[in-house]
Amino acid sequence: MSEVKEAIKAKDNINETTAMAHETTLLNPRFYTTNFKEMDGLNVDSVRADWDELIAEMRSDPNRTHFKKTEDWDKVDFEALEPGLRKELVDFLVSSLTAEFSGCVLYKEMKRRGTNQEICELFGLMSRDEARHAGFINDALREAGIGVNLGFLTRKKNYTYFTPKFIYYATYLSEKIGYARYITIYRHLEKHPDKRFHPIFKWFEKWCNDEFRHGEAFALIMKSDPKFTKGLNVYWIKFFLVAVFATMCIRDRARPAFHKALDVDIDWYDDKVLRITSEISRQVFPIEIDLDHPRWKAGLAKLIKAFNNIEEAKRRGGIFGRLRYFVAATRAFTVFAGLYFIPSKKNSVPDNCRLQPSY
Ligand SMILES: [Fe+2]
Ligand SMILES: [Fe+2]
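If you're matching positions, the sequence shown starts at 433 in my numbering and goes up one per residue.
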């Protein structure tokens with residue numbers, strides 16, 4: 433654990449999981465803030481019919497009663513789990529909770545600060561969903577006596593500023609990749625129920641439909657004004673695609689025991705999730721990553737290795753550690769640039785972009 437995290441734990445009298453969620457690193461889920469005034473100026477008239485249909489669906493609140501523990505919630509004995517698996521399960525839950533709560537905080541803030549009724553309603557509905565998601569995961573952590581202090585996070589976690597269009601690209605992708613991750617785990621466990629070592633996975637199917645709808649909302653926002661997806665912005669879209677995809681792969685590699693317990697091959701899983709996300713994103717992005725390009729997989733493997741070396745150098749510390757850190761970080765940057773410059777594939781974006789969850 434980092435010294436900074438230890439110091440914060442002691443100073444603020446918070447538990448380990450709250451400190452984990454509070455820590456800001458390159459790969460951890462972040463909290464965001466943006467130019468809410470600019471966001472308030474969105475106009476969705478050009479996608480009116482699709483917008484109204486989506487908002488009506490979200491108002492009807494299909495998951496109103498879903499996030500409650502029922503008799504399907506089997507008792508989990510955290511202490512009985514093998515220590516490596518327990519650590520990675522906690523890491524998975526805390527990281528998912530931070531990502532869900534990050535959405536909740538950002539969406540709620542937009543609702544609070546905006547004056548554009550339609551946009552405020554959307555953000556209110558999304559923050560309602562994310563609050564439930566975060567709360568449900570926190571219940572699971574509380575069961576093990578390690579709940580995260582969400583009030584503390586709201587007050588003390590660092591906020592990263594993104595301009596509204598970066599919020600649209602990043603949040604659209606994280607909603608859709610979130611959908612793809614949850615549904616892939618859910619479908620896998622449908623076939624292998626004996627590998628379901630925690631009941632929370634049973635909730636993933638309906639849960640990920642919320643994420644799918646949130647992604648649809650951002651697709652419509654981007655569709656509402658052609659400037660978001662053309663010209664120089666296409667280079668930004670590519671940057672976010674590579675960054676979001678690579679971050680997921682690096683983070684998943686850090687949880688070998690978790691994936692082994694689920695009997696999920698990480699290569700298979702990440703490939704499947706990226707393909708689903710890529711396929712969905714054709715609804716709005718004019719380009720997609722060429723996942724079959726020979727340099728893509730090789731580059732990802734090199735990036736994962738560079739990040740492992742960064743972690744190793746951090747652990748080592750001292751002058752040699754710093755030197756190694758510098759070498760590994762430079763390597764990671766170069767490999768990332770290599771991934772970025774792999775030619776992307778062009779998409780012709782359909783006029784009607786609405787999709788339904790079908791995986
Ligand atoms: Fe969520
Ligand atoms: Fe979401």
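Quick reminder that beta carbons are idealized off the backbone N, C-alpha and C, glycines included. Computed from a prediction, not measured in an experiment: that's the story for all the values here.
Going residue by residue through the region 746–776, where are the continuous alpha helix (DSSP H) segments of at least 4 residues, counting only ones entirely within it? 750–772
Given 7 Å as the limit, tell me if Glu607 has its C-beta closer than that to any heavy atom belonging to ligand 2. Here residue 607 refers to the residue found at position 175 when the sequence shown is read from its first residue. Correct: Glu607 has its Cβ closer than 7 Å to ligand 2.
TODO: Compute the Euclidean distance between the alpha carbons of His624 and Ala612, then round it to the nearest angstrom.
DONE: Residue 624 sits at position 192 when you count from the first residue of the sequence shown. Residue 612 sits at position 180 when you count from the first residue of the sequence shown. About 18 Å.
Checklist line | Start-end ranges of the alpha helix (DSSP H) lying completely within the region 697–746, minimum 4 residues | finding: 698–713
*Minimum Cβ-Cβ distance from Phe650 to chain D less than 8 Å*: No chain D is part of this structure, which consists of one protein chain only.
Can you tell me where the alpha helix (DSSP H) with Phe533 in it begins and where it stops? Position 101 of the sequence shown, counting from 1, holds the residue named residue 533. Element bounds for Phe533: Pro515 to Arg545.
**Prompt:** In chain order, what residues place their C-beta within less than 5 Å of a heavy atom belonging to ligand 1?
**Reply:** Glu532, Glu562 and His565
Short Cβ contact (8 Å threshold) for Ile708 with Asn779: Mapped onto the sequence shown, residue 708 falls at position 276. Mapped onto the sequence shown, residue 779 falls at position 347. No, these two residues do not count as a Cβ contact at 8 Å.
If you pair each beta-carbon of the region 557–567 with each one of the region 530–540, do three or more pairs fall below 8 Å? yes
Using only CA atoms, which one of Ala442, Glu514, Pro775 and Leu787 lies nearest to Phe629?
Taking the first residue of the sequence shown as position 1, residue 629 is located at position 197. For Phe629, the nearest C-alpha among the options comes from Glu514.
TODO: Could you check which residue in Tyr600, Glu550 and Lys543 has the C-alpha nearest to that of Arg560?
DONE: Translated into positions along the sequence shown, residue 560 becomes position 128. Measuring from the Cα of Arg560, the nearest candidate turns out to be Lys543.
query = When we look at the beta-carbon of Leu538 and count the other beta-carbons within 10 Å, is it buried (16 or more) or exposed?
reply = As a working mapping, residue 538 is identified with position 106 in the sequence shown. It is buried - the Cβ of Leu538 has at least 16 other Cβ atoms within 10 Å.
Three-way DSSP call (helix, strand, coil) for Lys501 in this model: As a first step, residue 501 must be located in the sequence shown, where it is residue number 69. Reduced to three states, the DSSP call for Lys501 is coil.
| message | Measuring only the C-alpha atoms, how far is Met433 from Leu458? | response | Counting from one through the sequence shown, the residue named residue 433 turns up at place 1. Counting from one through the sequence shown, the residue named residue 458 turns up at place 26. Reliability of the predicted coordinates at Met433 is poor, the pLDDT of 49 falling under 50, and no value is obtained from them.
Q) Would DSSP call Tyr591 helix, strand or coil? A) Taking the sequence shown and counting its residues from 1, the one referred to as residue 591 is at position 159. In this structure, Tyr591 counts as strand in the three-state DSSP scheme.
Discussion item. Between the region 491–504 and the region 650–662, can you find at least three pairs of beta-carbon atoms closer than 8 Å?
Written reply: no
Q.
Just verifying my parser: in three-state terms, what is the DSSP assignment at Thr792?
A. The chain is shown only over 433 to 791; residue 792 falls outside these bounds and no answer can be derived.
Note to self: Using a Cβ-Cβ cutoff of less than 6 Å, which residues in the same chain neighbour Val526 once the five nearest sequence positions on both sides are dropped?
What the structure shows: Residue mapping note: residue 526 aligns to position 94 of the sequence shown, counting from 1. Thr449, Met452 and Ala453, listed in sequence order.
Where Lys778 sits in the DSSP three-state scheme | Mapped onto the sequence shown, residue 778 falls at position 346. The answer is strand: DSSP assigns Lys778 an E or B state.
Original post:
In or out: Leu664 buried (at least 16 other Cβ within 10 Å) or exposed?
Top reply: Here residue 664 is taken as the residue at index 232 of the sequence shown, counted from 1. By the neighbour-count rule (16 or more Cβ atoms within 10 Å), Leu664 is not buried but exposed.
**Q.** For Ala493, the first and last residue of its enclosing alpha helix (DSSP H)
**A.** Taking the sequence shown and counting its residues from 1, the one referred to as residue 493 is at position 61. According to the sequence shown, residue 493 is Asp rather than Ala. Where Asp493 is concerned, there is no enclosing alpha helix (DSSP H), given that its DSSP letter is neither H nor E.
I'd like to know if the region 724–737 and the region 780–788 are in contact, where contact means that at least 3 CB-CB pairs between them fall below 8 Å. no
Query raised in the report: Taking three-plus beta-carbon pairs below 8 Å as touching, is the region 603–618 in contact with the region 636–651?
Result: yes
Open item on the list: Closer than 7 Å to a non-hydrogen atom of ligand 2 - does that hold for the CB of Asp472?
Closed with: To locate residue 472, count along the sequence shown from 1; it is residue 40. Outside the cutoff, so no.
_Residues of its chain near Leu573, where Cβ-Cβ distance is below 8 Å and the 5 sequence neighbours each way are ignored_ = Counting from one through the sequence shown, the residue named residue 573 turns up at place 141. Excluding residues within five positions, the ones whose Cβ falls inside 8 Å are Thr449, Val522, Leu525, Val526, Leu529, Gly579 and Val580.
Next on the checklist: Taking 7 Å as the cut-off, is the beta-carbon of Glu643 closer than that to any non-hydrogen atom of ligand 2?
Outcome noted: Here residue 643 corresponds to residue number 211 of the sequence shown, with the count starting at 1. True, at least one ligand heavy atom lies under 7 Å from that Cβ.
Go ahead and pull the three-state DSSP assignment for Lys627. The residue you call residue 627 lines up with position 195 of the sequence shown. Of the three classes helix, strand and coil, the one that applies to Lys627 here is helix, per DSSP.
**Message:** Taking 7 Å as the cut-off, is the beta-carbon of His646 closer than that to any non-hydrogen atom of ligand 2?
**Reply:** For the purposes of this step, residue 646 is taken as residue 214 along the sequence shown, with counting starting at 1. Yes, Cβ of His646 sits closer than 7 Å to a heavy atom of ligand 2.
> For Asn548, does the three-state DSSP call read helix, strand or coil?
Replying inline: As a working note, residue 548 is residue 116 in the sequence shown. Here Asn548 sits in coil by DSSP.
Report the option in Arg587, Ile632, Lys540 and His620 whose CA atom is closest to the CA atom of Asp571. Translated into the one-based positions of the sequence shown, residue 571 becomes position 139. Nearest C-alpha to Asp571: Ile632.
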